[in-house]
Every structure is written in C-alpha cells, then in structure tokens.
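The block underneath contains the structure these notes are about, expressed in structure tokens.
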Amino acid sequence: MPLQTTTDAAELPSHDQVSDPGIRHFATKRYRDSLTKEDCLEMFRQLYLARYFDVRLIKEKKRGRLRGTLYSSHNQEAILVGSLFGLRSTDWISPIHRDMPAFFLKDAKFQWAELDRMGLSIQQVCSQVWGRVDSPGRARDNWSHIGSKEKRIIHSTSMLAGTIPVAAGVVYADRMNGGDAVVVTYNGEGSTAQGVFHEAVNFAAVHKLPVVTIIENNQWAYGTPVRLGCATPDVADRAKGFGIPGYIADGQDVFDVYDKVMSAVEFARSGQGPSIVECKTFRAYGHGDHDDDRANKYRDPAEIEHGRLRDPIAVCRQSLLDLGYISAEEAEMFIAEGKNASEATNEDFPPEVVDYLNSGIEFALASPQPEAEEGGMWVFKESK
Amino acid sequence: MPLQTTTDAAELPSHDQVSDPGIRHFATKRYRDSLTKEDCLEMFRQLYLARYFDVRLIKEKKRGRLRGTLYSSHNQEAILVGSLFGLRSTDWISPIHRDMPAFFLKDAKFQWAELDRMGLSIQQVCSQVWGRVDSPGRARDNWSHIGSKEKRIIHSTSMLAGTIPVAAGVVYADRMNGGDAVVVTYNGEGSTAQGVFHEAVNFAAVHKLPVVTIIENNQWAYGTPVRLGCATPDVADRAKGFGIPGYIADGQDVFDVYDKVMSAVEFARSGQGPSIVECKTFRAYGHGDHDDDRANKYRDPAEIEHGRLRDPIAVCRQSLLDLGYISAEEAEMFIAEGKNASEATNEDFPPEVVDYLNSGIEFALASPQPEAEEGGMWVFKESK
Amino acid sequence: MAAIASAPVQTKKNYLTALKEAISEEMAANGDMVCLGEDIGQLGGAFGVTEGLQDSFGTQRVIDMPIAEAAIIGASVGLALNGKTVMAEMQFIDFITCGFDQIVNMMATYHYRTAGEVNLPVVVRGPAGAYGGGALYHSQMNEAWFCNSPGLRVVCPSTPYDAKGLLKAALRDGNPCIFFEIKELYRRSEIAEILPEDDYIVPLGKAAVRREGTDVTLVSYGQNVYHCLQAATELEKLGVSAEVIDIRSLVPLDEETIFASLAKTNRIIVVNEAPMTCGFAGEIVSRVTTKAFDLLDAPPVRITRLDTPVPWVKPLELFVLPSVERIVQSALQTVRY
Amino acid sequence: MAAIASAPVQTKKNYLTALKEAISEEMAANGDMVCLGEDIGQLGGAFGVTEGLQDSFGTQRVIDMPIAEAAIIGASVGLALNGKTVMAEMQFIDFITCGFDQIVNMMATYHYRTAGEVNLPVVVRGPAGAYGGGALYHSQMNEAWFCNSPGLRVVCPSTPYDAKGLLKAALRDGNPCIFFEIKELYRRSEIAEILPEDDYIVPLGKAAVRREGTDVTLVSYGQNVYHCLQAATELEKLGVSAEVIDIRSLVPLDEETIFASLAKTNRIIVVNEAPMTCGFAGEIVSRVTTKAFDLLDAPPVRITRLDTPVPWVKPLELFVLPSVERIVQSALQTVRY
Ligand SMILES: Cc1ncc(C[n+]2csc(CCOP(=O)(O)OP(=O)(O)O)c2C)c(N)n1
Ligand SMILES: Cc1ncc(C[n+]2csc(CCOP(=O)(O)OP(=O)(O)O)c2C)c(N)n1
Ligand SMILES: [Mg+2]
Ligand SMILES: [Mg+2]
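Chains as they are written, first to last, in this note's numbering: chain S, 1 to 384; chain L, 1001 to 1384; chain Z, 2001 to 2337; chain G, 3001 to 3337.
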C-alpha cells in the first residue's frame, strides 16, 4: 500500500457487499493502490498544468486580452485531475464554470502533451477562451460552455445542475447500445439546491444509470455559504434521499479524489447505479474575478487562510516525497502553491507545462474571429 | 395507554433529544394517548363523512350531474382525518387532487357539523363541485383547486408539488409576525420526484420552517408504480437528503396518522423545522374515475385486494371496540367499508353524515352558475 | 377470402389513432427511436396515444418516467445527443412549464451553440387546447412562448391525416419540435378519415387551404380551424366568401400561402385560442402588415382568447374563447370596411 | 455648515442607485416588505442592487436563498399570500426559466382563480438585455413569454428616474410584476440624473415621449430607446424628424400615446432586442394595425433581434441585434414609402 490516505480511512466491504445505500465516507483503497509511479508523477504534472492555466489566464485578463468572467479553479484542481485520470475514452463528462481545465485534462493520462485525444485540445480550449473560430463551438457561447459530441463532453448552459438530466440521457442511450460508458458530472455544492438536480439524480437512481455526480463543495456559492443552501451535515448526504451511495473525498488530495471517484465510477460501470461524490475543498478567490474584492468582505480572512492551507500541489508533492517517487531536490524545483497570479512566474511551473499552454495560446491568437454573419447561422439543422 | 398502535411502536427519545435527523419510523405515543373518547368517536365519524363524500360524488357523477374527474380518496381517508384533527385554527393546509374532504375536515374537531369553521363549509365545497357561484373561487378553477386565505388553505395549481414553496413562504411570513402556525402539505408519493419538491423542502430545512410534508404513498402515481419514481426503500427516506426527520405512519390507522403527524407538527411548531410524514396506503380505484377500468389492467388483482384489505373505517372500529368506546352492537350499525359506490347505500352511514352532505348539496344546487362575463374579470387587482 | 385479404376495407381513423400509428410506425422503422414520458408504458398514456407501445418495443425503448418534466426533457436531449431519436410526452402540454428551462435554454439552442455539431431530433408532444372544461391547467395553448424561443419547430395539426404526417415529419426533421395535439380532436368522429396505406409525411412549413374563398381570409390552426370552417359556411349564406387557411406549422411558417390568399381577398382575420398579447395571431398580423401591407384593404383582425386564463365552468370558458359567432361578426365588419 | 446641510449638493444618480433607493425606501416605509434572492444579503447581489440592505433590515427581511428559482418564486407567492410585499431577485433574468411554472401558473393566476380574494404584491426583478457580451444565458429579453401569460405586469425602465419610480409603483401595485432591468444601463454615467428628494412613482401603463418629431414614430423600451434616440439625431441631419416613444410598461400598455404620435407621423418602427417571432414588437405592430389602421401611410416595421439566441463574440452579437444603422435605414425607407 504505497499511498497514504490523508483521511482516517477505514476498510469498507467491497461494493457488491454494501447493501444499505448511504454515505460511504471512505472508499476502499484499491483504486489508488493501483496507481503506478508514472501515474502519480503525471497527476502531479497535471495539477501544475491546471494551476498554470488559471494563473496565466488571470494575467492575460489583467492585460486586457480576454473578455468575460474568470471562474478560478485555483485550490480545487485536485478534483479535476483526480476525477478525470481514471476515465476511459468512451466515458462522458460534463464540467461547469469552474472546471475549464477539465476540457483538456479529460483522458489526458500519459498523453497530455499530445494534440489528439478524447478531451479537447489545448488549442481548441484556448481558441474558445480568446473567442476564435477554432473553438469547438466557434465561440458562439462563452467560456466553459463548450463541449464535443465526438469527444464526449456535454455542453452546459449557464443554468446550474442543468446538464445532469442530459448526462443521464446520454448514458441511457449508451447502455441501449450495449456500451459501458460512465458519465461524470460536476456541480458546485450550491447547485444541489436546484430542482433539476433532484429530478435527474432521482431518475438515474430509479434506472441505475451510470451517472457519477461530483459535488465540488468549496463552501461558498457565490456570496452564500453552504449552510444557507443545504441543511445536511455533509452535502453528500443528499445521496440518502435517492437511495444511492454518497462518497466524501478530500478535495485537496488528488489521490483521495481518484480513489473515491473511481469507486463511484466502477460502481456505476458495473451496473449498480449512480452515486454522489462530495469533494471537500475551498474556493481560493472570489466567485469570479469580478468578485475578488468583495469575497474578502463577505468571507472571514481566517476562513480563507484556513481554506487555502492545504494547497493540492503541496499535498500531492508531500505524498510523492513520502512514497519516494521524487527526491527532496526535485520537490523544491517548482513551488507554485499558494501563489496568486500576480506572484507566480513561469519559473514556478515545469517548462513543459508552460510550453503546452503557450502552444495553445499561440494557436488561438492565430485563429481568426468568426465572421459576423455566423451570428445568423445554425439556428436549425437544414432538413433533408 | 388506551390506544394500541398497529405498528410495532418503540419508544423514541423526545424530539429535543433527537440530534441525528433521519427516519423515525415510530413516533412517541404521547399524541394519540391524549385523545379522549369523544375525540376518537369524532374521528370515527369523520372517516364515515370522508367516505360518504366520495361514494356520493361517484353516484352523482354516474347520474350525469357532475363534470370533471373524480380523484377518489377511498381507502385513504385516515390520512386526512388523522392529520387534520390536531391542527389549530391558525394552521395552514395545502391539499391536492385526492384530498377533497380535507377542505371541510380542516379544523373539524368537535364541530364538524357546524357551518362556521376554519375549514371551508360543506356548502362551499359542494358549490365548487357543482360549479356554482358560492364556491370560494366562484368555480373559476376546477375541483380541488380551491382554498381560502381567510380559512388558511392554499390554492393548488395542477402542477404537482407546486404548493410546497408557497407553503414555506406562508409560514415564513407567519413567523415574521410572531406566529406559531404550522403548514401541512399533502402530496402523492409520485410527486416527490418533482424538482420543486426538492427546492421547497430544502429551503424549509435550511430555515427550519414549520412545514410538514405528508406523503400519501398509495403505491401508484397514475399508471406508474412507486418503484419507477423513487429508489429508496421508503419514500420517507427522501427526508435524509434534507437533514430532516422522516416519519412513517400506517395510513390505514387514523390514530397512527394522528400520532406521527402531531409529532411532526409539534416538532415544527417548536421551531425545530420541517419534516416528512409518509403515510402508507393504497389507492382503491383508478387514478381518477376515468381510469377505473384500466387500473384493473395495469394493477395486479391480488395487489388491489391486499391493498384494500385494511379499510380505515374497519381498522378504526376495531380500535374503538378494543378500547371499549363502542359496544359490539354499535359497531355493527354502519358497515361502509369495502363497499364501492354502486354497493353502498345511505343506510351504511350514520344519518348525521348523510344529512351533513345533503345540506351541502342542497345549498349548491340552489346556488347559481356564475355569469359568463365573470370569465373576463379579476385578471388584475385594480390599482389604487 | 383472398380478395378480402388483398383489399381490406379501409376504415376511417381518428386523430388519436393517426398519432398512434405515426409513433409506432416510426418506432418500427427506426431502431434508434425512444419514447419517454409519464405513464406512457404500462398505462399507455393518459389518453392512450402510446397504448400497446411498450408491449411492442419493450421497457427500454418506452420509458415510464418519474413525474419530473425537467428530467424528461433533459434526458431527451441526452438521448438525442448520443444518437437517438426521441418522442417525449407531456401528459398535458400545460405541464411543460415544469421543464421549461430545459426546453428553451438547453434543447432549443444546442444546435446553435455547437455551430451545428449537434442536432437534436426530439419531439415533445402533448395534449393541448381548451373548449373541454379542463380549466386553467388542462386547457393551455402556450405555443407563443416556444415561437419566441429560437431553435424550436412548433407544429399543430388539425386533422388525422396531418396529425400522422406532421408527427412523422417532425420526428425525421432532426430539430427539436414542440408538437401541440388538440385533445378535443382526439376522438372526434366527424373528422375521422381514411389514411394512406403507404408511408407519408406532411412537410413542416406548408399551410393547407381548407376552403377557397374570395372575400376574406381566415387564418387559423388546431381546433379553431373548425370554427373558421363553420363560420365560412354561415358567411356563405350571408353572401360572403371566406377562404380558410390552416397553417399547421407555426415555425416554420408558410407565409406564401397566406400572402397568396390575401392577394385575392385583401382582408384577413386570424383566429387563435391563446391569449392575445404576444400570441401567434399577432405574429401573423405583423408578418402580413410588415411584408404585405399593400394587399390589405381593411385592418387585419385578431380573434383570440381574452387575455385571461381558461376558466372552468362552461359559460365562463366560452366567454373568453373565440367562437364561430365572433368570427362571423368580424368577417362581416371586415368585408364592409 | 447649516446652509450646506439644509441644501445638499444634489448629485446625479445612475440607474443602479435609483433601483437601490427604490428598494430601500420601500423597505423602510413598509415593514411588511421582504426581499429574497440568491446572494442578495451578505454579498448585496451580483450587481450590488441590494448592497447594504441586509445590514439595514436584517436577515429575516432580506433572505439569501438557495439556488432554487422555483422556491424563490413559490416562497414569494406564499409570503404575499400571507400579507407581505415581496421583491424577488433573479440573479439574471435568464434564470427565471427555472422558476417558470411558479410564475405563469402559480403566481400570475392567483388573483384570477380566487375571484379576487387573493392578490399578490410580488415584483420579480432582474438584470436583462444584451449588447454586453453576456452570451446566450446572460443576455436575454424574454418579456414576451410573460406578456403572453395573463395576470402579470411587465415593466422595463430605461432611465434612473423611471427605474426608481416604476419599481416603487410596481411594489405598490398589488399585482405580480416582472421587472426587466437593463444591466448595460446600471452604471452608464451619461444617463445619470438628479432624482427628486421626495417620494414619487411613475405610474404603470404610461409611456414617455423621449423626443418629439413629425415624420416617423420610433417605439421602443429599455436599451433600444437609446438606439432610437441616436438614430433620431442622425435622421435629423438627413432631414427626417423622428418621434421617440419609450413605452416603459408593456403590460399595461399605453396605446394612446402611440396612436397620438402615429396621428402625427403616420409611420411607425418598433425596435426591440428580443427575438422577432411572437415578440413584443409584433404586439405593438398588431395593436396599431388592428386598431389604428387608417393612421398608417406605410407598412409598420419591426427591428428586432434575429430569431437567434444571443451569441458571445462581439461581431456576432451585434450582427443579430438591432443597431442605430438599421433604424436609420428603415426610417429612411419608411418615410420614402
Ligand atoms: C439556475 C441558476 N441560478 C443562478 C445562477 C447564478 N449563479 C452562477 S454560479 C452561482 C453560484 C454557484 O455556486 P456553486 O454551485 O457552489 O458553485 P461554485 O461557483 O462555488 O463552484 C450562481 C448563483 C445560475 N448560473 N443558474
Ligand atoms: C407537474 C405535473 N406533471 C404531471 C401531472 C399529471 N398528473 C396528475 S396526477 C399524477 C399522478 C400523481 O401521483 P401521486 O403523486 O402518487 O398522487 P396520487 O394521484 O397517487 O394521489 C400525474 C402524473 C401533473 N398534474 N403535474
Ligand atoms: Mg460552491
Ligand atoms: Mg400515488
């Protein structure tokens, strides 16, 4: 058992033996145990990549190069990296506003520097961010509202929790076709108050559909604390109302997220149905970049400090050190944790990470804006 | 302890001591224990009244005197009588399609034969059924969609579960005014799949609003069995997703319903928040009278027989016998149980019950239809 | 015997049967088609439109859904996104409000925001319309909301032939469609008709001239077509020749047929049972006046429901709805203008 | 010092401040008023419209709601049913779709179905409108849905004065109201103005003539009023005198002011940034052509958003929306007709 769990993990009976649905705070360890050294280092790199994407975009925005709101995933990257790492190319995902890196991290295992993958390419994602024609949606909708039928990413609207029923339909169709795809949907804890969340998870529960609903519990929904949106001790308790498992993961620990999400994913894939995985984390900044200043008013400084204490990069690095996967010197090469965009420099990140994003940005800048006339196109598919 | 519970009731700690919200299958016995002989006999009479209302309306419809669909509450009357009996005149209710008798049973304790009460009068209810101007809504909307601000009954639309947020708002306002009113809302088990059910109960849970949500689990939502709408073992398990208590009552036993609902009501009244009370019952006929024939096809005859075995009138009578509140002779005077409208006669019901309804019907038949022009009125309140 | 088998007696079929045939034939022809809705399986639907469908195609392709309209629409989108053709039933079209966001924001726009990568062959159909005593929540014609939400086809047949042909066309069109069925026509025997044995469709965006005339054009759809036809009969007795157009599909709209009629009559009355303000009657009036102003010899007329809900008891209900008499009176005024 | 205190320098106030003042003044005057919405308390709302409100009036009267629009509307109905006056904020008006059923079926009809026993003083307000790069879900003008749903007031101010006066009027009106705020105007300094010290309202159903003219009438509301005014300025240079009407309230609509203008100009162009089909531009065109046909010397014109969603990137967004240029060109054509 090479990896230490950061939580006080207790061995649970295997999934098939768990008959009473409800919270499973701790999944079995078997999924994280099967990660190789290469896997672990890859996940570490991906954390840097997600962080760098965020830091860089904030810089670009400050330079006036970007339009729209930045919803930072700073301090929450372990959820994306850990949840995406174990997916198969046939699996679907449905990220939300705070999950931009998910688009290129999807199915990035071992090949995140390659261009052709089951996720979107960094070129496509950057083209979207810069509003260019090479965005997969030709920049018709903004920011995180991209996706790809081919790459199995569901396009969200702004309406929170709105993709969960779509996700359920997608895997229902897959199951009809004899497939074994799973869909992983992402939602903030605040979004679990939406009616459609309930309708969709309930439907999935009734039909035992392979829908994994990740709750990124970053304690805040815009300016509203979790206690004003949810009265259960844990947001994962929502699962009890549907008769499905609810897992709780340490959202700062990429390996714990991997563990719990893979438990949920394989539970789903084996036909046992949907589940909820609450990943406990903390929103580092404002809701969006426009909210950074105010977020320091409606949130207690002590709470912010505490919430940012366990940076996912640092937590992962410590695990790798403990495992002997990196040396003390290697560990000190790139210290990105805790640094806001204004403090971080390219030197804080592995060069391949910087190069990777640069290649995307360069591509995007060379891509033209769509022609105005496109605004009038594609309202309907032309009939045969 | 004069009353026997029909379920295997275990003593629970008092409400204040219950810290972990979740299912409480068995409430304390104290509420039913405080019922007097007079109370019990009154509830027995009210069961007859609810049943007679149903039987008589079916007869009237067969005679071609009524328009619209009849949603029979046959076999489910104990839920209405038991839940309404303990309410105060300041409390609100929100019944649905299957709960027509609730309108006149509300606050009927000791005075159900009087004309002026906190519920609607039988004259008003009959005027609504016959589409007359003396309906509290002047027969503008149909059947169960009546109510009264004055009598504290929320008007439902057809959209299932749609009154629960309204109920939450009503008691929020009451609490602001320093009141201690509780609202009791009624919903079928199928309706718990609606998004608005989730949104409203969640809101109530967050604010500990005195909202008691009764689930009439009659096993069927129109032509769909409960298992295709809900994946939890009990529908009351929905409560766990909100962090609130979920009670389960024997919906055939008026005293058990009274017990559990009063537990929920007093829990709510004391500021501890909302809860769900699942009353297990069985829909005797079709979804509506138009569905009677089909309901015998999509439902197993054995299931129907089993579901109708414990008629609430018979169950109550047996309790009264056991308690010595009625004699064996008295017990045999009115045998209404199990009888469909075609079989039942006025002789099967206590004469005061028949008279009571007759007075309502007579009144209604003397009440005129609204004038056509009223169709164009009251779209807006005229501005000051 | 052989002769009888080869030339069966053709029976007239009602509107409901026509819809049933459209669905079961499409299900048989397209293995990738799925139906979902409340009570559509074991029960066969509140009105029986899907009767027998689950027996024929199984529980996987004919899904009894929880009472959750947003989930029904959202799941339909997901099914279509992953290659299925979907028929989603609203038990009454009134309940579509509970899945409204999924319709106008998720489904209607999917093709647009993916620049054409994704198209969704989803038909959301359900019983609609008043005149039956259904009161506020079982009588609505809320088609205007969807006409004002770009990306949706909006269709409303008035005959069995059209019901079948338009539903098939909608299911094959590849775009999301809100399909308004007039429940008061479901079993109306007077309009039953013999349907073609062979597969056919009625193309979306093509109006039908139900009756030719020269003095005034009555434009309508759904149940009101019959009010117009009755009015035309009465008007004939009064010496007025009315042309009756059934537009059948609102989005896309066949403007040409309307303009061609107007070129003959120079007078137009639009009849529709939805509330007037921002309803589709106004849309037709606007199209005509902005695009064919010179054809008008008299002001166009809207005959619609008053701007009220649909009340329950009969006199009130009829008071707020278009009637044959209102059409006749308006037509007389218009031709005398 | 005393002089300064008694005659403070009056500062111009923007649209947002005007709204803030309306709400806080009504809250102060009416102890039975409650505000609810997402993030309206601790945060003060996404745009700051309720900034400071919770500090002044407490958490019980200024409620931070879960992200649940149906619960927000439904709870508003309940509060109003039990005697409260309610301001409910949609974080963006686009999200009203998630509470749509509660609005059109529960709230709009309550007065009607209780034959007047219950009336609901609920204003549902929220930021609306395009031109700001908000893309499909932060740009909508979906007022037509509500105009087609009897029982709702529908209001859309374009100036700080009106924003304050109309919001107060709506809160006192006693009927449910959907109040469209134009977020692009929230902080536009050019339109800031000095507001009366004393309490005032702008009555619902009264249009404002923003500029007088004789050749063509431009009718609009919200942001498009400024497009019309700019177009009028350019038209003046070209020798065309345009009258600009800001209707301000859609339901009820001040037809008289429009007809009076038309009596002068005999030409009308309606400008509106919502989709064309079944939008409010069509409603105005229909009212004019059915009720004031003889006043028209040229076909009325609708200048609206194309029947598309609002796309994100600027060139596309502007392509689908009404522009000053489109108005000018149309006006020139119209006067030459
Ligand atoms: C249906 C709906 N209502 C309101 C909003 C506005 N809104 C956008 S993000 C947000 C907060 C979301 O909080 P949470 O779900 O916790 O996700 P987080 O932003 O914290 O990651 C709100 C209220 C929305 N997008 N959709
Ligand atoms: C939002 C909505 N969707 C669908 C319907 C149609 N409908 C009316 S009653 C009913 C079944 C309700 O079942 P349940 O909640 O179990 O109540 P029961 O009739 O069994 O008492 C359905 C589907 C409706 N009224 N509202
Ligand atoms: Mg959050
Ligand atoms: Mg039921």
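In this text, a Cβ means the ideal position worked out from N, Cα and C, and glycines have one as well.
| Item | Value |
| --- | --- |
| May I ask whether a heavy atom of ligand 1 can be found less than 7 Å away from the beta carbon of asparagine 218(S)? | yes |
| Excluding the 5 residues flanking asparagine 3266(G) on each side, which residues of the same chain have their C-beta closer than 8 Å to its C-beta? | Leu3295, Leu3296, Asp3297, Ala3298 |
| Would you check whether ligand 3 has a heavy atom nearer than 7 Å to the C-beta of glutamate 189(S)? | yes |
| So with CB distances below 7 Å, who are the chain Z contacts of leucine 3136(G)? | Thr2109, Arg2113 |
| For the putative contact between tryptophan 1092(L) and alanine 1205(L), defined by C-beta atoms under 8 Å, what is the C-beta separation to the nearest angstrom? | The pair is not a contact, with the Cβ atoms about 18 Å apart (cut-off 8 Å). |
| Using 7 Å as the cut-off, classify the Cβ of isoleucine 276(S) as near or not near the heavy atoms of ligand 1, replying yes or no. | no |
| Beta-carbon separation of leucine 2016(Z) and arginine 2187(Z) under 8 Å? | yes |
| Give the C-beta separation of asparagine 187(S) and proline 2066(Z) to the nearest angstrom, bearing in mind that I take them to be a contact with Cβ-Cβ under 8 Å. | That pair is no contact at about 20 Å. |
| Between the Cα of aspartate 1174(L) and those of Ala1341(L), Phe1104(L), Arg1152(L), Ala1078(L), spot the shortest distance and give me the residue it belongs to. | Arg1152(L) |
| Check the Cβ-Cβ distances between proline 1368(L) and every residue of chain G, and say whether any is below 8 Å. | no |
| Look up threonine 1192(L) in the DSSP assignment and say whether it is helix, strand or coil. | helix |
| Let me confirm a value: asparagine 177(S) is counted as buried when at least 16 other C-beta atoms fall within 10 Å, else exposed. Which label applies? | exposed |
| Given a cut-off of 8 Å, decide if glycine 2282(Z) and serine 3286(G) are closer than it, judged by their beta-carbon atoms. | yes |
| Is the distance from the Cβ of leucine 3171(G) to the Cβ of glutamate 3069(G) below 8 Å? | no |
| Contact defined as beta carbons within less than 8 Å: I believe alanine 1168(L) pairs with alanine 3075(G). What is the distance between those atoms, to the nearest angstrom? | 5 Å |
| Name the residues in the stretch 3073–3097 of chain G whose C-beta lies less than 9 Å from a C-beta of chain L; which are they? | Ile3073, Gly3074, Ala3075, Ser3076, Val3077, Gly3078, Leu3079, Ala3080, Leu3081, Asn3082, Gly3083, Lys3084, Val3086 |
| Can you tell me whether valine 3009(G) is buried or exposed, with buried defined as 16 or more other CB within 10 angstroms of its CB? | exposed |
| Identify every run of the alpha helix (DSSP H) within the stretch 3139–3219 of chain G, keeping only runs that are complete inside it and at least 4 residues long; order them along the chain. | 3143–3147, 3160–3173 |
| List the residues of chain S that valine 3320(G) touches, going by C-beta distances under 7 Å, in chain order. | Gly375, Gly376 |
| If you run the structure through DSSP and keep just helix, strand and coil, what is proline 370(S)? | coil |
| In angstroms, rounded to a whole number, what distance separates the CA positions of tyrosine 2110(Z) and glutamate 371(S)? | 20 Å |
| Inspect the beta-carbon positions of valine 1257(L) and isoleucine 1079(L) and report whether they are closer than 8 Å. | yes |
| Alpha carbon to alpha carbon, what distance is there between arginine 1238(L) and serine 1270(L)? | 22 Å |
| So isoleucine 1313(L) is in the alpha helix (DSSP H); what residue range does that whole segment cover? | 1312–1323 |
| Using 8 Å as the limit for Cβ to Cβ distance, is alanine 3144(G) near chain Z? | yes |
| Quick check: the Cα distance between phenylalanine 2092(Z) and leucine 3081(G), rounded to an integer number of angstroms? | 27 Å |
| Any C-beta of chain G within less than 7 Å: which residues of the stretch 2280–2305 of chain Z qualify? | Phe2280, Gly2282, Glu2283, Val2285, Ser2286, Thr2289, Thr2290, Phe2293, Pro2299, Pro2300, Val2301, Arg2302 |
| When the Cα atoms are used, what is the spatial distance from glycine 3078(G) to glutamine 3042(G)? | 24 Å |
| Which residues share a DSSP beta bridge with arginine 3305(G)? | Pro3275(G) |
| Helix, strand or coil for lysine 3013(G), going by three-state DSSP, please let me know. | strand |
| What three-state label does DSSP hand asparagine 202(S) in the structure shown? | helix |
| Do the stretch 3301–3321 of chain G and the stretch 3122–3137 of chain G touch if we need at least three Cβ pairs shorter than 8 Å? | yes |
| What is the C-beta distance between leucine 70(S) and aspartate 311(S), in whole angstroms, given that I count them as a contact (C-beta under 8 Å)? | With a Cβ gap of about 19 Å, leucine 70(S) and aspartate 311(S) do not count as contacting. |
| DSSP state of isoleucine 1244(L), grouped into three classes? | coil |
| Mind listing the chain S neighbours of proline 2150(Z)? Cutoff is C-beta to C-beta under 8 Å, in chain order. | Val379 |
| Buried or exposed, going by whether 16 or more other CB atoms sit within 10 Å of the CB of glutamate 337(S)? | buried |
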